[in-house]
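In order, the protein sequences belong to chains A and B.
Under this note's numbering, the residue at position 13 of the first sequence is numbered 292, and the numbers go up by one with no gaps.
Under this note's numbering, the residue at position 182 of the second sequence is numbered 191, and the numbers go up by one with no gaps.
We treat Cβ as the ideally placed atom computed from N, Cα and C, and that holds for glycine.
Only one structure is covered here, and it is reproduced in the block below.
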Amino acid sequence: MSDYYVNYAAVAVLGAVILLFGLGTFAGWALLRPKRWNKEKNAIYECGIDAVGEQWKQPNVRYYIFAFLFVVFDVEALFLFPWAITYQKLGVYAVVEMVVFIAILFFGLAYAWGRKVLDWA
Amino acid sequence: MDWLDVVIILVKVVVCFLLLNLLLAVVVWAERKVIADMQSRIGPNRAGPYGLLQSIADGLKLFTKEDIFPLSADRIVYPIAPIISAVPAFLAFTVVPFGNMLSIGHRHITLQIADINVGLLFFLAMGSIAVYGVALAGWSSGSKYPLIGAVRSSAQMISYEIAMGLSVIPVVLYAGTLSTRGIVLAQQHMWFIGAQIPSFLIYLIAGVAECNRAPFDLPEAETELVAGFHTEYSGIKFMLFFMAEYMHIVTISAIAVTLFFGGWMGPHPNFLVPLWGVLWFLGKTAAFVFLFYWVRASFPRLRYDQLMNVGWKFLIPIGMAWIPISAAVHIFDIRRVVLVGAGVIVGIIVLSLVLPTKKPEVLTEEEAKTTA
């Protein structure tokens, strides 16, 4: 096996160790904890009174817009990583091209900003 | 690859995991002590000398706490959300190089759990997966405060993740590799903080926001949301969230050291090989963890629209603009002095925009007395 797989195997082993740790503590907890079921106690949190209204709150629609923007800019960042590693071999042309790419996204951000998409109020 | 390599991996992983848990206990204890000192309190001082065993006592206490399972909570997602939160928090640490090499006989053991060739991307990916733990916990609780906390937290984490992703790219430009070990080795002559002050500041601000720490702790703003996404969690489930949060602080600090402050490198790297490097690394990381405490004690919580403004209108544009600047300077071989100068100027702009310029016009009791 090459080093490549060995390293990922180490990650997998750590993942397994954490999973075992989580499950182990859950098991230990199940042995030690008191079990006194009570309907009132297992109601959702409200400061001492019965919860009013629905359990589901409708979140603000702005979160959705920010999620969209996130996808756009995160994919952009992803494109930048391979470029960042190889641009020294590609020369000036690659830099210019990436400047154009970033500029387009910059104008996209400026447009969203201008349309007040980024304002929360 | 023979059986000894397998043993080495297993030992390395288990030892690292145990040491990390010990480190977490110390980090939690230190935070309580430091914050207490900054607020003129004593802090934990009962369990063990200087309250050192406080975190362990708290951990044991949580084993004896009842499992509160809200009636409206999801049967499957609710119990596994803490594990989904804890796993990526620990896995992100795998790519942190905490020392150079340990040579036993003819074998070289890298002091790093896994030297992945896309280590930095792996770190960012684990940060993204951590959002799932928070979002699922809030959603599956079947309660409104966790839901609001989770939605806020997700939006905040993904926003600042972009800023963080953009801030590490100039470092990759200079190092020419995504491997964290490679990035440290590329800093042999000069730490990247020298040329990358704006990147570092953006990384630091985004890092604090990624951990959901004060002043960006809106997801768990206790004055409005009880405890945010983990309101309905008790006992060990809560403990896993808590560990994940502190693990994020440790990892973000460690990666900051790796990217900008030369990782394990320090003066006299050949003394006490290789543990000297580990000590340097731990010292630098501890300084950053202290910075997290200090920020928490110093800054008031932001309003949500201010939080989004800082991320989208400020960190992301500056991060985007800084990438071509660094690239151009690097490829056209302009003297580094120019870049350092530009970095200092942009850094001052960053700081002047972030730090509060006006003092709040609220008088303390004593001042009110003297003026009256």
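Tell me where the beta strand (DSSP E) around residue i begins and ends.
i                : result
Arg116 (chain B) : Arg116 to Thr119
Ile113 (chain B) : Met110 to Ile113
CB residue i to CB residue j, shorter than 9 Å?
i                : j                : result
Leu130 (chain B) : Met173 (chain B) : no
Ile125 (chain B) : Val105 (chain B) : no
Ala82 (chain B)  : Ala66 (chain B)  : no
Val379 (chain A) : Ala336 (chain B) : no
Ile358 (chain B) : Ile327 (chain B) : yes
Ala45 (chain B)  : Ala90 (chain B)  : no
Leu187 (chain B) : Val193 (chain B) : no
Ile6 (chain B)   : Tyr255 (chain B) : Given a span of 10 to 381 for chain B in the structure shown, any question on residue 6 (chain B) remains unanswerable.
Gly158 (chain B) : Ala98 (chain B)  : no
Met377 (chain A) : Ile85 (chain B)  : no
Arg161 (chain B) : Leu227 (chain B) : yes
Ala101 (chain B) : Tyr302 (chain B) : no
Arg312 (chain A) : Glu241 (chain B) : no
Trp308 (chain A) : Leu71 (chain B)  : yes
Ala218 (chain B) : Leu316 (chain B) : yes
Leu234 (chain B) : Tyr313 (chain B) : no
Val298 (chain B) : Val36 (chain B)  : yes
Val350 (chain A) : Val23 (chain B)  : no
Lys42 (chain B)  : Gly60 (chain B)  : yes
With H, G and I counted as helix, E and B as strand and the rest as coil, what does DSSP make of residue i?
i                : result
Cys326 (chain A) : coil
Asp353 (chain A) : helix
Tyr242 (chain B) : coil
Arg55 (chain B)  : coil
Leu384 (chain B) : Only positions 10 to 381 of chain B appear in this structure, which leaves residue 384 (chain B) out of reach.
Cys220 (chain B) : coil
Ser188 (chain B) : coil
Ala95 (chain B)  : helix
Trp392 (chain A) : helix
Asn428 (chain A) : Residue 428 (chain A) lies beyond the stretch modelled for chain A, which goes from 280 to 400, so this question has no answer here.
Phe225 (chain B) : coil
Pro276 (chain B) : coil
Asp314 (chain B) : helix
Ala159 (chain B) : helix
Glu254 (chain B) : helix
Ala195 (chain B) : coil
Leu397 (chain A) : coil
Glu75 (chain B)  : coil
Val235 (chain B) : coil
Gln165 (chain B) : helix
Ile354 (chain B) : helix
Trp200 (chain B) : coil
Ala123 (chain B) : coil
Trp285 (chain B) : helix
Glu319 (chain A) : coil
Could you tell me the boundaries of the alpha helix (DSSP H) in which residue i lies?
i                : result
Phe102 (chain B) : Premise fails: Phe102 (chain B) is in no alpha helix (DSSP H) and is neither H nor E.
Phe308 (chain B) : Premise fails: Phe308 (chain B) is in no alpha helix (DSSP H) and is neither H nor E.
Ala45 (chain B)  : Trp12 to Met47
Asn286 (chain A) : Asp282 to Leu311
Lys70 (chain B)  : Gln63 to Phe72
Trp148 (chain B) : Gly128 to Ser149
Met329 (chain B) : Ile325 to Ile340
Apart from the five residues on each side of it in sequence, which residues of its chain come closer than 6 Å, Cβ to Cβ, to residue i?
i                : result
Leu311 (chain B) : Pro224
Phe269 (chain B) : Phe201, Ile202 and Phe209
Val140 (chain B) : Ser163 and Met166
Met135 (chain B) : Pro97, Leu100 and Ala101
Which same chain residues end up closer than 8 Å to residue i when comparing Cβ atoms and leaving out the 5 residues on each side of it in sequence?
i                : result
Ile118 (chain B) : Ile17, Lys21, Met110, Leu111 and Ser112
Met329 (chain B) : Leu175
Leu360 (chain B) : Leu210
Is the beta carbon of residue i within less than 8 Å of some heavy atom of the ligand COA?
i                : result
Leu300 (chain B) : Absence of the ligand COA from the depicted structure is noted, as is the absence of any ligand whatsoever, leaving it without description.
Only counting the same chain, and skipping five residues up and downstream in sequence, which positions put a Cβ closer than 7 Å to that of residue i?
i                : result
Ala95 (chain B)  : Leu249, Met252 and Ala253
Val287 (chain B) : Phe107, Gly108, Leu120 and Trp273
Leu397 (chain A) : Ala391
Ile138 (chain B) : Pro97
Gly356 (chain B) : Ile206, Pro207 and Leu210
Ala322 (chain A) : Ala330
Leu348 (chain A) : Ala391
Gly275 (chain B) : Trp289
Notebook entry, point to check: For the region 312–324 of chain B, which residues have a CB atom closer than 7 Å to at least one CB atom of chain A, in sequence order?
Noted result: Tyr313, Asp314, Met317, Trp321 and Lys322
Check: Listed in chain order, which residues of the region 198–221 of chain B have Cβ atoms closer than 8 Å to some Cβ of chain A?
Finding: none
Checklist line | Short-range partners of chain A found in the region 65–91 of chain B, where Cβ spacing is below 7 Å | finding: Phe72, Thr73, Lys74, Glu75, Asp76, Ile77, Phe78, Pro79, Leu80 and Ser81
Next item on the list: Closer than 7 Å, Cβ to Cβ, to anything on chain B: give me those residues from the region 354–371 of chain A, in chain order.
Entry: Ala356, Leu359, Phe360, Ala363, Ile364, Tyr366, Gln367 and Val371
Notebook entry, point to check: What are the residues of the region 139–154 of chain B that lie near chain A, defined by any Cβ-Cβ distance shorter than 8 Å?
Noted result: Ser150, Gly151, Ser152, Lys153 and Tyr154
Check: Got a sec: which bits of the region 233–250 of chain B sit with their beta carbon under 7 Å from any beta carbon on chain A, in order along the chain?
Finding: Val235, Thr240, Glu241, Gly244, Ile245 and Leu249
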